[in-house]
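Asks:
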Amino acid sequence: MKIKALGFLLILAPSISLASVDMFLDIEGVTGDSLYQGHEREIDVLAWSWDTSFDGRCANIEDVSLTKWVDSSSPVLLMGQLMGREYEKATFTVSSPKSISGGARDHSGPDYIKIEFRNLFVSAISLDSSRDDERLTETVSFSFESATYTYTPLDESGRPGRPVTAEVYSGRGCR
-11 MKIKALGFLL ILAPSISLAS VDMFLDIEGV TGDSLYQGHE REIDVLAWSW DTSFDGRCAN
49 IEDVSLTKWV DSSSPVLLMG QLMGREYEKA TFTVSSPKSI SGGARDHSGP DYIKIEFRNL
109 FVSAISLDSS RDDERLTETV SFSFESATYT YTPLDESGRP GRPVTAEVYS GRGCR
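Last residue of the sequence shown: 163 in my numbering, with the numbers rising by one and none dropped.
Laid out in structure tokens, this is it:
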């Protein structure tokens, strides 16, 4: 009986999510497939990275990269990249899901990271899928002129506190 129970738990384990976040990208003029409350028609983001460094003289601000499902925004972003289109504004948001039940996520938790990018260009697109994947994914990178990074701490009950903000300007940072 213990072996059967252990087997059941091992089968169930991959579907249990203990902690996660929801991430979205909203680019002016680009429609995504998100159905999450408050982020409808935005791009669902699966992973993201943004590197910065300082060598003692100059700040180095790298392109932002994000992994997303191939969706309605994919051909639009590809053509925007190939045509050198400048997007005036994009907003990246990280939210805390309020509840997870039965495999369905109820996105109604508070946004606690918000980065507003201005004057951005898609610098690279890479399809990252294999035969065994259930859905195709792609990594999209973009450069930007400036960004406003806002972090809003959440208290124990999930209520937002006082936001902390930083202004970032790419290309400016050498002493």
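Virtual Cβ for every residue (Gly too), placed ideally from N, Cα, C. No experiment lies behind these values; they were computed from the predicted model shown.
Unbroken beta strand (DSSP E) runs of length 3 or more, entirely within the stretch -1 to 68: which are they?
Replies: 10 to 15, 31 to 42, 47 to 57
Asks: Measure the C-alpha to C-alpha separation of Leu13 and Pro148 and round it to an integer number of angstroms.
Replies: 21 Å
Asks: Mind checking who Leu115 pairs with in its DSSP beta bridge?
Replies: Glu126
Asks: Hey, would you say Ile103 sits closer than 8 Å to Tyr137, going by beta carbons?
Replies: yes
Asks: Please report the residue range of the beta strand (DSSP E) in which Ser84 lies.
Replies: From DSSP, Ser84 is part of no beta strand (DSSP E); its letter is neither H nor E.
Asks: Per DSSP, what kind of secondary structure is Ile(-9) in: helix, strand or coil?
Replies: Annotation note: pLDDT 48 at Ile(-9) (below 50); position unreliable, no value reported.
Asks: Return the CA-CA distance between Cys46 and Phe132, expressed in angstroms with no decimal places.
Replies: If I take the Cα positions, the gap works out to 18 Å.
Asks: So, are the CB atoms of Lys77 and Arg106 less than 8 Å apart?
Replies: A contact, by the Cβ cut-off of 8 Å.
Asks: Look at the Cβ atom of Val18, then the Cβ atom of Val64, and state whether they are nearer than 8 Å.
Replies: yes
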